[in-house]
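Those protein sequence lines, which keep their order, are chains A and B.
Note that the first sequence covers residues 1 to 253 in the UniProt record's numbering.
Note that the second sequence covers residues 1 to 253 in the UniProt record's numbering.
Virtual Cβ for every residue (Gly too), placed ideally from N, Cα, C.
All figures in this text were calculated on a predicted structure; none of them were measured in a lab.
For reference, the structure is listed below as C-alpha cells.
There are 2 protein chains.
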Amino acid sequence: MSQESAAEFPETSFEKAEIGSARPDMEPASGMPGLGPARQVNLRELVYDQLKDAFMVGYFAPGDYLNLRELADRFETSITPVREAVRRLVAEGALIDAPGRALRVPPLRRAHLIDLRQARIGIESMITEMAVARATPHDLDALGSILDGAVSKNPKTPIDELTSNRKFHFSLYGIGGSPTLFRFVESLWLQYGPFLNLIHYTIDPDIRGSHKDHRRIIAAARDGDALAAKQALVADISRSFDILDAYTQDSAD
Amino acid sequence: MSQESAAEFPETSFEKAEIGSARPDMEPASGMPGLGPARQVNLRELVYDQLKDAFMVGYFAPGDYLNLRELADRFETSITPVREAVRRLVAEGALIDAPGRALRVPPLRRAHLIDLRQARIGIESMITEMAVARATPHDLDALGSILDGAVSKNPKTPIDELTSNRKFHFSLYGIGGSPTLFRFVESLWLQYGPFLNLIHYTIDPDIRGSHKDHRRIIAAARDGDALAAKQALVADISRSFDILDAYTQDSAD
DNA sequence: TTCGTGTAAGATATCACAAATAACATATCA
DNA sequence: TGATATGTTATTTGTGATATCTTACACGAA
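As C-alpha cells, this is what we get:
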C-alpha cells in the first residue's frame, strides 16, 4: 500500500452484503427456503468482503503493494485469513504476484485497460441480453427504484454514486440468471476498481450521463429490445473508460 | 473424494505446463529476455497445477467431496498449500463450499450444465473471433501441427485425446491475446471437467467430429472468416455437451 | 425422540524458515 | 579524492508446518 488515498477502509460492508444477495444462486439456499441464507461467516470471508469493497470503490491504486501482516493488523486477525482472502483476489485478477513474492495491484497499462474494456463490453452485453429476455415487470420496477433511490439520496458522496451504480448493474446482471457470467463480471469490476482511484472520486460530472443510460436500459428492457439495451450499456461502459483516457499514457510502474 | 475413479492422480503435469505457457502475458517477462523466467515454484502452485489437471481430465466426479488432510497426505505437504490451492479452485468455481464446511465438486444439475454451455459458447466465440483477427500464418501452422501430432500419436488413450483437445483450444485462445478472457475460459473448463468423469473416458466415437471442427476453425481463420470459425467452434462445444445429455436427468445429489 | 458426547474436519493462530530487499561498509577505479 | 561497484548484514515478508480451536455430524443412552 504505497500510496493510499485514505486512512481507513471505506465502510460499505452493509451495501455490499445487499448487493451480494443479488447473486443468482445455482444451488438452492442451504438453509430453510424461506429464511435468509444465514450463512456462517468466517474470518476469511469477512476479510475478503472488505477487501473486495475496498477494491470496488477504488481504495487501492494501480501499482500499490499489499502487505499481509499490515492487513492482518488492520483486520485484527492473524495472517491466515488474510492470506486466503488475498489468494482469492489473485485468482480473480484483482491482485498479481509481483517479483520477489510481493503482492501488487496490477499497474496501469494501456493494454490491460483495453482488454478489460472489451471483456466488460462482451460479457456484460451477453448478460444484459439474458436479463432483458428474463426480466419481469416487477424486476424492472425494482431496477427503477434503485435509480430513484440513488437520485433522491441527499448527501451524495462519490462513494454513494459508485455504490448505487454498482447496485444497479449487479441487480440487472442478477436478473440474467447466469451464476457463471455473474462471477466473471464481479471479477471484471474488481479489476477495474483500482482505476477509479486515479480519478480520485472526481467523476460527478459524468454521473448524469450514466443515469440516462441506466434509464434507457430499463426502457429498452420493457420493450423487450435487447439490442437497444445493449447499446445503452455499451455507452455506459465506454464512458467509464473514456474518463481514464487522460491517464492512459502508461505511467511508469 | 467419495467415488474416485482411479487410485492415483493422472500424470499430466508436463503437458499442462506447456499449455499454461500459452497464456498471453500482460506483463513483460521479468527476467532476462533470452533466459528462462526461472520462476520460483512454490508448493501452493504445484498442488494447484496438479489439482487443475485432475479436474480437467475428469478425475473428480460431480458431487465428490474433498478432504484437506487426505490431499495433503497425497501431495506429501502440510495442509497449508493444499488449502490455498483449494481456495483458488473455489474462487474459480471448480469447487464449492458445501454445508458443514465441506468441500465439494458441484453436483450435476441441468441448470448448471446449461449455464456453462452458454457461457462457454459466448466467451469462447468472442475469443475465437479475436484470434481469427490476430492470427498470423505461422500461428495457424502451429495450430495445425497440434492436430497433426494428435492424430499421429499412436497409443491414443482417452486422456491423450483430452489433452490434445485442450492444447488445441487453449493455443487458439492464446492467440486471441486477451488474458482476461483466457482466464475465464480456464475457469469454464475447470468447471466442465468433472462432467467428463461421468462418461468414464468413453468419448472416442465423437473425437472424429471434433477433429473435423478443429480443421474447419483453422481453415476459416486462414480465410479471415470469423463467422465460420465461430460456427465450427459452437458445433464443437455443443458436441461436448450433447454427450452429456443422457446423464442430465438431475441425479439425486 | 431428545439430549449428550465423541470424533472428524475445517478454521485460525503461531512458529520457523527462506528469499528478497535495503542499508551499510569496504574495495576499486578514474 | 570522489564516485561507482561489490560484498556483507539486518530487516522485512511471504511460505510452509504445526498446534489449537470450533463446529458439524453420528452414535448411543435416557
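Proximal residues to alanine 131 of chain A (C-beta, below 6 Å), its chain only, five neighbours per side dropped
Translated into positions along the first sequence, residue 131 of chain A becomes position 131. Within the same chain, alanine 131 of chain A has close Cβ partners Leu172, Ile175 and Gly176.
Proximal residues of chain B, C-beta to C-beta of alanine 91 of chain A below 7 Å:
Locating residue 91 of chain A in the first sequence gives position 91, counting from the first residue. Chain-order list of chain B residues neighbouring alanine 91 of chain A: Arg88, Ala91 and Glu92, by C-beta distance under 7 Å.
Determine which residues share a DSSP beta bridge with leucine 66 of chain B and list them.
Translated into the one-based positions of the second sequence, residue 66 of chain B becomes position 66. Residue pairing by DSSP places leucine 66 of chain B opposite B:Leu103 in a beta bridge.
May I ask you to check if the CB of valine 47 of chain B is nearer than 7 Å to at least one heavy atom of the ligand HEM?
Questions concerning the ligand HEM fall outside what the structure shown contains, since it holds no ligand whatsoever.
Neighbouring residues, chain B, relative to phenylalanine 184 of chain A (Cβ below 7 Å)
Here the question's residue 184 of chain A lines up with position 184 in the first sequence. Within 7 Å Cβ-Cβ: Phe184.
If we count the other Cβ atoms within 10 Å of its Cβ and call it buried at 16 or more, is histidine 138 of chain A buried or exposed?
Stepping through the first sequence from its first residue, residue 138 of chain A is reached at position 138. Exposed: under 16 other Cβ atoms inside 10 Å.
I think methionine 56 of chain A touches glycine 149 of chain A, with their Cβ atoms under 8 Å apart; what is that distance to the nearest whole Å?
For this step, residue 56 of chain A is matched to residue 56 along the first sequence. For this step, residue 149 of chain A is matched to residue 149 along the first sequence. Actually they are not in contact, since the Cβ atoms of methionine 56 of chain A and glycine 149 of chain A sit about 19 Å apart, beyond 8 Å.
Looking only at DSSP bridge pairs, what is alanine 98 of chain A linked to?
For the purposes of this step, residue 98 of chain A is taken as the residue at position 98 of the first sequence. Bridge partners of alanine 98 of chain A: A:Ala102.
Beta-carbon spacing of leucine 66 of chain B, arginine 120 of chain B below 8 Å
Translated into the one-based positions of the second sequence, residue 66 of chain B becomes position 66. Translated into the one-based positions of the second sequence, residue 120 of chain B becomes position 120. Cβ atoms of leucine 66 of chain B and arginine 120 of chain B: not closer than 8 Å.
Any idea what DSSP makes of alanine 61 of chain B, helix, strand or coil?
Your numbering for residue 61 of chain B matches position 61 in the second sequence. Reduced to three states, the DSSP call for alanine 61 of chain B is coil.
Report, in whole angstroms, the separation of the C-beta atoms of leucine 68 of chain B and valine 86 of chain B, which I expect to be a contact under 8 Å.
The sequence position of residue 68 of chain B within the second sequence is 68, counting from 1. The sequence position of residue 86 of chain B within the second sequence is 86, counting from 1. Confirmed, about 7 Å.
Whose C-beta lies closer than 7 Å to the C-beta of isoleucine 96 of chain B among residues of the same chain, with five residues either side of it excluded?
Locating residue 96 of chain B in the second sequence gives position 96, counting from the first residue. Cβ within range, chain order: Val90, Arg104 and Pro106.
Could you tell me the boundaries of the alpha helix (DSSP H) in which isoleucine 127 of chain B lies?
By one-based count along the second sequence, residue 127 of chain B stands at place 127. It spans 110 to 134 - the alpha helix (DSSP H) in which isoleucine 127 of chain B sits, taken as one unbroken run.
Does DSSP classify serine 145 of chain A as helix, strand or coil?
Locating residue 145 of chain A in the first sequence gives position 145, where the first residue counts as 1. Serine 145 of chain A falls in the helix class under three-state DSSP.
Between the CA atoms of glutamate 70 of chain B and isoleucine 79 of chain B - distance to the nearest angstrom
Along the second sequence, one-based indexing puts residue 79 of chain B at 79. Along the second sequence, one-based indexing puts residue 70 of chain B at 70. As the crow flies, the alpha-carbon of isoleucine 79 of chain B is around 9 Å from that of glutamate 70 of chain B.
What's the C-alpha gap between aspartate 242 of chain A and leucine 147 of chain B?
If you number the first sequence from 1, residue 242 of chain A lands on position 242. If you number the second sequence from 1, residue 147 of chain B lands on position 147. Cα-Cα distance, rounded: 42 Å.
In chain A, which residues lie with their C-beta within 7 Å of the C-beta of methionine 126 of chain B?
Taking the first residue of the second sequence as 1, we reach residue 126 of chain B at position 126. Within 7 Å Cβ-Cβ: Gly122.
Give the residues of chain B in contact with threonine 77 of chain A, contact being defined as C-beta atoms less than 9 Å apart.
Working through the first sequence from its first residue, we reach residue 77 of chain A at position 77. Going along chain B, no residue has its Cβ under 9 Å from threonine 77 of chain A, so there is no contact; the nearest lies around 16 Å.
Express the C-alpha separation of glycine 93 of chain A and phenylalanine 182 of chain B in angstroms, rounding to a whole number.
As a first step, residue 182 of chain B is located in the second sequence; it is residue number 182 there, counting from the start. As a first step, residue 93 of chain A is located in the first sequence; it is residue number 93 there, counting from the start. The C-alpha of glycine 93 of chain A is placed about 12 Å away from the C-alpha of phenylalanine 182 of chain B.
Can you give me the C-alpha to C-alpha distance between arginine 101 of chain A and arginine 216 of chain B, rounded to a whole angstrom?
Your numbering for residue 101 of chain A matches position 101 in the first sequence. Your numbering for residue 216 of chain B matches position 216 in the second sequence. Cα to Cα, arginine 101 of chain A sits roughly 43 Å from arginine 216 of chain B.
What did DSSP end up calling glycine 224 of chain A once you bin it into helix, strand or coil?
Numbered from 1 along the first sequence, position 224 holds the residue referred to as residue 224 of chain A. DSSP places glycine 224 of chain A in coil when its eight states are reduced to three.
Starting from proline 62 of chain B, find everything on chain A with Cβ-Cβ shorter than 7 Å and list it in chain order.
As a first step, residue 62 of chain B is located in the second sequence; it is residue number 62 there, counting from the start. The contacting residues do not exist; proline 62 of chain B stays about 12 Å from chain A at best.
Could you tell me if glycine 58 of chain B is buried or exposed, where buried requires 16 or more neighbouring beta carbons within 10 angstroms of its beta carbon?
Against the second sequence, residue 58 of chain B aligns to sequence position 58. Looking at its Cβ environment, which holds 16 or more other Cβ atoms inside 10 Å, glycine 58 of chain B is buried.
Terminal residues of the continuous alpha helix (DSSP H) containing aspartate 160 of chain A?
Within the first sequence, residue 160 of chain A is the residue found at index 160, counting from 1. Counting along the chain, the alpha helix (DSSP H) containing aspartate 160 of chain A begins and ends at 158 to 176.
Indicate the three-state DSSP secondary structure (helix, strand or coil) for alanine 85 of chain A in the structure shown.
Sequence index remark: in the first sequence, residue 85 of chain A carries index 85 (1-based). Look at alanine 85 of chain A here: in three-state DSSP terms it is helix.
The alpha helix (DSSP H) with glycine 93 of chain A in it runs from where to where?
Indexing the first sequence from 1 puts residue 93 of chain A at position 93. Per DSSP, glycine 93 of chain A lies in no alpha helix (DSSP H) and is assigned neither H nor E.
In chain B, which residues lie less than 7 Å from proline 194 of chain A when you measure between Cβ atoms?
Within the first sequence, the letter at position 194 stands for residue 194 of chain A. Those do not exist, as proline 194 of chain A stays about 14 Å from chain B at its closest Cβ, beyond 7 Å.
Can you give me the C-alpha to C-alpha distance between residue 304 of chain A and arginine 83 of chain A, rounded to a whole angstrom?
The shown model of chain A, from 1 to 253, leaves out residue 304 of chain A, and the question about it has no answer.
In chain B, what lies closer than 9 Å to residue 255 of chain A by C-beta?
Because residue 255 of chain A is not part of the residues shown, which for chain A are 1 to 253, the question remains open.
By a C-beta neighbour count over all protein chains shown, 10 Å radius and 16 as the cutoff for buried, is asparagine 42 of chain A buried or exposed?
If you number the first sequence from 1, residue 42 of chain A lands on position 42. Here asparagine 42 of chain A is exposed. Its C-beta has fewer than 16 other C-beta atoms within 10 Å.
Determine the DSSP secondary structure at serine 187 of chain A, reduced to helix, strand or coil.
Translated into the one-based positions of the first sequence, residue 187 of chain A becomes position 187. Note: serine 187 of chain A maps to helix in three-state DSSP.
DSSP three-state call for asparagine 197 of chain B: helix, strand or coil?
What you label residue 197 of chain B is simply residue 197 of the second sequence in a count that begins at 1. It is helical.
Under the rule that 16 or more other beta-carbon atoms within 10 Å means buried, what is alanine 142 of chain B, buried or exposed?
Position 142 of the second sequence holds residue 142 of chain B. Around the beta-carbon of alanine 142 of chain B, fewer than 16 other beta-carbon atoms lie within 10 Å, marking it exposed.
Can you have a look at proline 62 of chain B and say buried or exposed, based on whether 16 or more other CB atoms are within 10 angstroms of its CB?
For this step, residue 62 of chain B is matched to residue 62 along the second sequence. Residue burial annotation: proline 62 of chain B is buried, with at least 16 other C-beta atoms found within 10 angstroms of its C-beta.
Chain B residues whose Cβ lies nearer than 7 Å to that of leucine 181 of chain A
One-based indexing of the first sequence puts residue 181 of chain A at position 181. Taking the beta carbon of leucine 181 of chain A as reference, the chain B residues within 7 Å of it are Ala119, listed in sequence order.
Do leucine 198 of chain A and leucine 244 of chain A have their beta-carbon atoms positioned less than 8 Å apart in this structure?
By 1-based counting over the first sequence, the position of residue 244 of chain A is 244. By 1-based counting over the first sequence, the position of residue 198 of chain A is 198. Their beta carbons are under 8 Å apart, which means leucine 244 of chain A touches leucine 198 of chain A by this criterion.
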